[in-house]
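Here is the structure we will look at, set down as structure tokens.
Shown next, in the form of structure tokens:
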């Protein structure tokens, strides 16, 4: 019997510090056994448990897209026991990955639609995965317009800066990068909070789905903007975080009403969330 | 399905021979309380018991269990790679378990053994265990199994049901495993008409003494959000001290934590019973806690058992009426009272 609690051993191929506060690092991981890599079949929006023997596990969204072969990446915010330990690990060290877990963004539903991606701060990891996935030459024609609103408190806190710049130069994706404030005279993008920038850029709700991930305060003030733009709750998609242990719907702690965030989520539409107890 | 009768004076030798073939677990008096334990001698088992203090869930889902072992030794090429901890999965018998507790394992199966994911340890222990239950001739004052879809003589979760008919035991097999168990016993007589009649009368008497104490159907019909937002939770939670006793003694509380323990250069990943009564259960690394308040945690326990579970699995409630939480709650919170509040036709919002 397959043991769903047993992590696949992986080697840390590289570690990149993403943000000026050094709190976000991206870990590029390579499977030690090719058969494990073959089993790790995922879609953007899913997550995995990162495992460090002797320290524990932590659930983190997968930042790479399945179109990127040979490795998987996770951008880890330094918060607690396991993430702090991860931040002190070095390239070449062995750790574990368990997954993929949870549902993904609803790619079968999104096909043929315009996709509006709204992200804030370090919650941009599975959104990065989604953008890379949709921009892949094999996939780009399957989606309509792609619009991205991505904000951070300051330019130095944006993730994936080089990729953001590359996407800015492309014709087939509309980028609206913003920061809350900056003293940088060379800053050439937007200044303002994500809800305000979303309102100003006013992406059309016509045949569109919105995927929104970010801090609760950003989501709280962006949802009315999306409603005003004409997005119904069925077409507003978000991804939730919750304390998890098993990641496979067994250990019992991540439920919101009947739903386990780890297995039935983490991706829910606003319409689905409105039917659940407000306990997240 | 077959049935046999074994006189009580012959039972110890039958049990002794069974114990020679496979490990047998049963209710054993430990200090002031009965608990399930491995029988070393036939006389260890006490079938005159009411029920054990803890549920027998630990036989399938131990309170603390090693999942994996690993080395952290610098020179070891396998350092940091988890290896499954070897375990004993020999066939075994659990004797004298109450029908409610056996039924609880089936409710727990829906969590541990699903179409998409199977808990390997739970599943293997379930597969290799024969459950020989003991009918309750005199249900306790805190028992309410008949209100939640099981009963003092319920065979649903058992392979064999034993009935204490005075001078001996009636054994009734209800599964293939149960048939094999009866066939393997070294003694056994045909069941006489008087024994069958006596068992029947005991069953009727036990069931009749309990009645229905609340309506599960009424709870299922009340909308989830109405129940979630009901005013009565404030009353229910008032006296709770979040000790977690109810969850630890409950046969359908399966929640667990996973922790790594390290000693020198070796370590293990361990799973341990956890409880929704504890604030840390849902405490995020960020400091956010979706169930930071006592009311939220108390509500979660009852809503999970009586509302979320039946809604998710389209079956009965996740409670078998064993009454352990009622008996052992230090502040006298009674799930039967809460169930009656939840089954009221009009649930007042806060």
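Residue numbers (this note's numbering), protein chains in the order written: chain A, 1 to 280; chain B, 1001 to 1350. Ideal placement from N, C-alpha and C gives every residue a C-beta, glycine not left out.
Taking 8 angstroms as the threshold, the shortest C-beta distance from residue 1119(B) to chain A falls below it. Identification of residues in the segment 1251–1268 of chain B having a C-beta nearer than 9 angstroms to some C-beta of chain A yields 1253, 1254, 1255, 1256, 1257, 1258, 1259, 1260, 1261, 1262 and 1267, given in sequence order.
Contact note: residue 1284(B) reaches chain A through 241, 242 and 243, using a C-beta cutoff of 8 angstroms and chain order. Taking 8 angstroms as the threshold, the shortest C-beta distance from residue 1312(B) to chain A falls below it. Residue environment analysis places residue 1090(B) among the exposed positions, since fewer than 16 neighbouring C-beta atoms fall within 10 angstroms of its C-beta.
Under the 8 angstroms criterion on CB atoms, residue 57(A) is classed as interfacial with respect to chain B. Counting along the chain, no beta strand (DSSP E) covers residue 1013(B); the unbroken alpha helix (DSSP H) around it starts and ends at 1011–1021. For residue 1331(B), there is no enclosing alpha helix (DSSP H), as DSSP gives it neither H nor E. Residue pairing for residue 29(A): DSSP places it in a beta bridge opposite 12(A) and 72(A).
Note that the segment 1330–1337 of chain B does not touch the segment 1271–1284 of chain B; fewer than 3 beta-carbon pairs, one per stretch, sit closer than 8 angstroms. For residue 1149(B), the closest alpha carbon among the candidates 1102(B), 1261(B), 1269(B) and 1077(B) is that of 1102(B). Using a CB distance below 9 angstroms, the part of the segment 198–223 of chain A facing chain B consists of 216, ordered along the chain. Rounded to the nearest whole angstrom, the CA to CA distance from residue 173(A) to residue 204(A) is 14 angstroms.
With 16 or more other Cβ atoms inside 10 Å of its own Cβ, residue 1296(B) counts as buried.
Residue environment analysis places residue 217(A) among the exposed positions, since fewer than 16 neighbouring C-beta atoms fall within 10 angstroms of its C-beta.
C-alpha of residue 1246(B) to C-alpha of residue 1302(B): approximately 11 angstroms in a straight line. The beta carbons of residue 1154(B) and residue 1120(B) sit no closer together than 8 angstroms. Apart from the 5 residues on each side of it in sequence, residue 1223(B) has no Cβ closer than 8 angstroms to any other Cβ in its chain. The DSSP-derived three-state label of residue 158(A) is coil. According to DSSP, residue 1036(B) shares a beta bridge with 1027(B). Annotated as distal: residue 1168(B) and residue 1339(B), with beta-carbon spacing of 8 angstroms or more.
Between residue 269(A) and residue 236(A), the C-beta spacing is below 8 angstroms. A residue is called buried when at least 16 other Cβ atoms come within 10 angstroms of its Cβ; residue 147(A) meets this threshold and is buried. For residue 94(A), at least one C-beta of chain B is nearer than 8 angstroms to its own C-beta. Look at residue 1123(B): its C-beta is under 8 angstroms from a C-beta on chain A. Below the 8 angstroms Cβ cutoff, chain A contributes 3 and 6 as neighbours of residue 1084(B), in chain order.
At a cut-off of 8 angstroms between beta carbons, residue 280(A) contacts chain B. Here residue 1157(B) carries a coil assignment [DSSP, helix/strand/coil].
Assignment of residue 115(A) by DSSP, reduced to helix, strand and coil, places it in the strand class.
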